[in-house]
Amino acid sequence: MTWLFILGFALSSSLDNLGVGITYGIRRIQINVSSNSLIAAVCFLFSYSGILFGKWISSVIPGILPVFLSVVMLLAIGLRIIWLSLPRKQQEEEKNLQEIKGLSSILKNPECADFDKSQHIGAVEAFVLGAALSANALTNGLSAGLLGYTPLAISLAAAIGSFITVWLGVKIGQKVADIQIGPFELGQFGALISGILLVLIAIRSFLY
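Residue numbers (our numbering): 2 to 209.
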C-alpha cells in the first residue's frame with residue numbers, strides 16, 4: 002500500500018500545476034523543457050525538505066501524536082484547497098485577486114509569473130513559479146515525514162509529477178478554449194481534485 006500513498010502525495014502536489022499549465026496554454030505562454038525542469042527541481046527540494054523536517058518532528062514527539070498532526074494538517078490543507086477552487090461570483094473573485102499578495106497570487110492569476118510579458122517563462126520566472134507551485138509539495142512532504150515515509154521516493158515522484166502535469170497542462174490549454182463544465186472552468190479541476198486527494202489520504206492515514 003506504500004506506493005498508493007506515494008502516488009497520492011505526488012498527485013496532490015502536482016495537480017495545481019496542471020491547472021496552471023492549462024492557463025498558460027490558453028494564453029499561449031510558453032514553458033520550455035529547461036524552465037519546466039527547474040520548476041520540477043524546486044518541487045523536489047521543497048518536498049524533500051518538508052519530509053526531513055516532518056521526520057525530525059516525529060522523532061521528538063512521542064506516540065501517535067505525529068500521525069494525528071499529519072492527519073489534521075492534510076485535512077485542513079485539503080479542505081482549504083477545495084474551498085478555494087469552488088466557483089465564485091466575478092466581483093468577489095476580482096476582490097480576492099486584489100487582496101492576495103506574494104507567491105500565492107501566482108496560483109490565482111498564473112500569467113503574473115510572466116514578469117516581462119514576453120509570453121515565455123524564463124529561468125528566474127520558472128524559479129518563482131516553482132516556489133509558488135511547491136507550497137503543496139512542502140506541506141505534503143511535512144505530513145509524509147510525520148507519517149514516517151522516506152523522502153527520496155515521494156520527492157522524486159512529486160518532481161516527476163510536476164514536470165508531467167505542467168507539460169500536459171500547457172498542451173491541453175493550447176488545444177482548448179476557456180471551457181466551462183457547469184460552474185467550473187477547466188483549469189479549476191486540478192485544484193479541486195488535489196484537495197479531495199489530500200482529504201482521502203488524511204482519512205486513510207487516520208483509519209489505518
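Glycine is no exception: its CB is placed at the ideal position from the N, C-alpha and C atoms.
Residue range of the alpha helix (DSSP H) that includes residue i
| i | result |
| --- | --- |
| residue 125 | 124-134 |
| residue 51 | 34-61 |
| residue 177 | Residue 177 -> no alpha helix (DSSP H), and no H or E assigned at all. |
Residues bridged to residue i [DSSP beta-bridge criterion]
| i | result |
| --- | --- |
| residue 31 | 121 |
C-beta atoms of residue i and residue j nearer than 8 Å
| i | j | result |
| --- | --- | --- |
| residue 155 | residue 10 | yes |
| residue 149 | residue 53 | no |
| residue 162 | residue 50 | no |
| residue 141 | residue 59 | no |
| residue 122 | residue 30 | yes |
| residue 160 | residue 44 | yes |
| residue 83 | residue 196 | yes |
| residue 55 | residue 135 | no |
| residue 171 | residue 40 | no |
| residue 200 | residue 37 | no |
| residue 34 | residue 203 | no |
| residue 7 | residue 158 | yes |
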